[in-house]
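Going by the working numbering, the first residue of the sequence shown is number 7, and it counts up by one from there.
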Amino acid sequence: MTLFLLLFVAMGVAPLSLGLGLMLATRRRIAIPYPALLGSILFCALAFNLVFFWQELWLVIPKALTPGLHPTLFHNDHQWTGNAPIAELLQGSGAVATLVIGLVFAALLTLRPGLGDTIRLFCFWMAFQGLNQSLVQLAVGLILPGNDVGRALAYLHVGPVGHVMLAIVAAAGLAGSGATLARIFPGQTRGCRVDRSMAVGIILLAAILSIILIVPFRIPRNPIETTLIPLVVNLTGAGWTVLGFALAPSETSNAPIRVRLAIPMIGVLALLLIFQLVLRPGINF
7 MTLFLLLFVA MGVAPLSLGL GLMLATRRRI AIPYPALLGS ILFCALAFNL
57 VFFWQELWLV IPKALTPGLH PTLFHNDHQW TGNAPIAELL QGSGAVATLV
107 IGLVFAALLT LRPGLGDTIR LFCFWMAFQG LNQSLVQLAV GLILPGNDVG
157 RALAYLHVGP VGHVMLAIVA AAGLAGSGAT LARIFPGQTR GCRVDRSMAV
207 GIILLAAILS IILIVPFRIP RNPIETTLIP LVVNLTGAGW TVLGFALAPS
257 ETSNAPIRVR LAIPMIGVLA LLLIFQLVLR PGINF
C-alpha cells in the first residue's frame, strides 16, 4: 500500500500541484457554469463505468475463446474456471482494450469538431477514462504484480530494465494524455478556447464529485475497489489535464458549453440498473 500511495503522489498529486501552481499567476474569480459542471459529473461517472465494463468484457472474451477456460462477467469484476497457462497473459487484454477506446474517442473529438457540446462532453470523458484507466493500470502493474497488467508482465518475464522503460512509457503517456485532453475539451472549436480556469474547475470538481455516483455501480466490493481506485484514476487524469491546460496558450475567448442534462441523467440511471439487475448475478461465457 505504501508503494501504491507513493506512486499516486508521483503520478497524480505532483502534476496536479504543478499545474495549479503555474495557473496561480493568472488567478481570478471565474463563474463555473452549473449545467457544464453537472453534465461533467454525470458523464464522468457514466464514462468510468462504461470503460470499466469494456475492460472487463475484453478480459472475458479472450478467455472464452481459449480452450479450457470458462469465464463469468460481473458488474464489477470477472472470474473463470479451468486452467490454461495463457490466462495470465490475457489479464493484460483489458488494459489494451481500454487504451484503444480512449484513443478512439480522442480521435473522434479531433476529427469531428462540429459535434454538439453534449456529445463532445460525453466523448471527452470517455477519452479521459479510457486513457487514464489504461495508463494508471500500467503504472500500478509495475509495482503491484498482482494486478491485471502486473500478471501479464510476469507471464512475459519482463525484467527490471523493461519495468523502467514501461514506467517511462506510462509517464509519457499520461503527459500526452493530459495535453491532448486539454486541447479537445468541449468549447474549443473554430479557433476558440474555453477559459482555462473554468475548464480546470469543472474537471477537478467532476473528478472528485463523480465518485459519489461511481460507488453504487461497484458495490458490493471492498472499499479500495469501490472508492480508492476510481479516486486515484480520476485525480491522476485530472492532474495531468490541469497541467496540460497550464502549459497551453492563454485563452482567447470564453466559449460557452451548452449541455442537455437529461441525456447523462438517463444514461447513468439506465446503466446502474443494468449493472445491478443484469450483470451483478453474473453472465457465463
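Built from N, CA and C at the ideal position, the CB exists for glycine as well.
Note on HIS76: under 16 other CB atoms within 10 angstroms of its CB, so exposed under the neighbour-count rule.
Residue environment analysis places VAL206 among the buried positions, since at least 16 neighbouring C-beta atoms fall within 10 angstroms of its C-beta. Nearest neighbour of LEU117 by Cα position, chosen from ILE225, PRO226 and THR186, turns out to be THR186.
Our two residues, PRO236 and ALA42, have alpha carbons roughly 21 angstroms apart in a direct line. Membership of THR87 in the beta strand (DSSP E) is indicated by the continuous run 84-87. Within the stretch 217-270, the complete alpha helix (DSSP H) runs of at least 4 residues fall at 235-253. Our two residues, THR87 and LEU65, have alpha carbons roughly 14 angstroms apart in a direct line. Taken through DSSP and simplified to helix, strand or coil, LEU141 comes out as helix. Secondary structure at HIS81: coil, using DSSP grouped into helix, strand and coil.
Restricting attention to GLY136, VAL167 and PRO270, the CA atom closest to the CA of GLY179 is found in GLY136. Its chain contains MET204, GLY207 and ILE208 as the residues whose beta carbon lies nearer than 7 angstroms to that of ILE38, once the 5 sequence neighbours on both sides are disregarded; these appear in chain order.
When C-alpha distances from GLY184 are compared across ILE217, TRP131, GLU231 and ALA101, the shortest belongs to TRP131. With a cutoff of 9 angstroms on beta-carbon distance, GLN143 and ALA103 are scored as not near each other. Annotation: the continuous alpha helix (DSSP H) that includes GLY27 extends over 20-29.
Just measuring C-alpha positions, the residue of GLY245, GLY288 and PRO68 sitting nearest ALA181 is GLY245. Non-local beta-carbon contacts of ILE214 in its own chain, meaning distances under 6 angstroms to residues more than five positions away in sequence, are absent.
Restricting attention to LEU210, TYR40, ASN290 and GLN97, the CA atom closest to the CA of PRO151 is found in GLN97. Under the three-state reduction of DSSP, ASN290 is assigned to strand. Beyond the five residues adjoining it in sequence on each side, PHE80 comes within less than 7 angstroms, by CB distance, of LEU285, ARG286 and GLY288 in the same chain, given in chain order.
Pairing GLY18 with PHE251 gives a Cβ-Cβ distance that is not under 9 angstroms. Look at the beta carbons and you see the stretch 265-277 touching the stretch 46-58: at least three pairs across the two are nearer than 8 angstroms. The three-state reading of DSSP puts HIS76 in strand, counting E and B together. Out of ILE220, LEU148 and LEU283, the CA that lies nearest to the CA of LEU13 is found in LEU148.
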